[in-house]
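Worksheet: the structure to be examined is printed underneath.
In the numbering used here, the protein residues as written are 15 to 139.
Take a look at the structure:
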């Protein structure tokens, strides 16, 4: 309502076609209280979870490199190791990187979402 001393005009919509008599606001907020040390721990764990999402790249790169070596290399004796020894080393590297890749891919499923992060901050989990 306009008072006698109020020089303001009634509120109008953004198109100035309708006089607005009353505005109802339905804006609710949620406040989160948390200590600094607890938030730091949750942030560090969330960052670790995000880094797990890209940890598959290194073992995949090594595996591809080892596969390319097998396709193109002609193993020769070097540094007192026979050609068969070098071949065995690269086979072990390939197997190791394949196992590492499978482990990294399994860890990707445990990646936290933003909603998971907020639930931890709110102490819902």
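Just so you know, even glycine gets a beta-carbon here, dropped at the ideal spot from N, CA and C.
Exercise. Residues in its own chain within less than 7 Å of residue 112 by CB, not counting five upstream and five downstream?
Worked result: 77
Problem set entry | Residues bridged to residue 92 (per DSSP) | 95
Exercise. Counting pairs of Cβ atoms below 8 Å between the stretch 98-110 and the stretch 61-81, do you hit three or more?
Worked result: Under the three-pair Cβ rule at 8 Å, the stretch 98-110 counts as touching the stretch 61-81.
For this session: Out of 81, 51, 104, 64, point me to the one whose CA is closest to residue 130's CA.
Result: Between residue 130 and the set 81, 51, 104, 64, the nearest pair of CA atoms involves 64.
For this session: Within 10 angstroms of the Cβ of residue 16, are there 16 or more other Cβ atoms? Answer buried if so, exposed if not.
Result: Note that residue 16 scores a pLDDT of 48, beneath 50, so its modelled location is shaky and nothing firm can be said.
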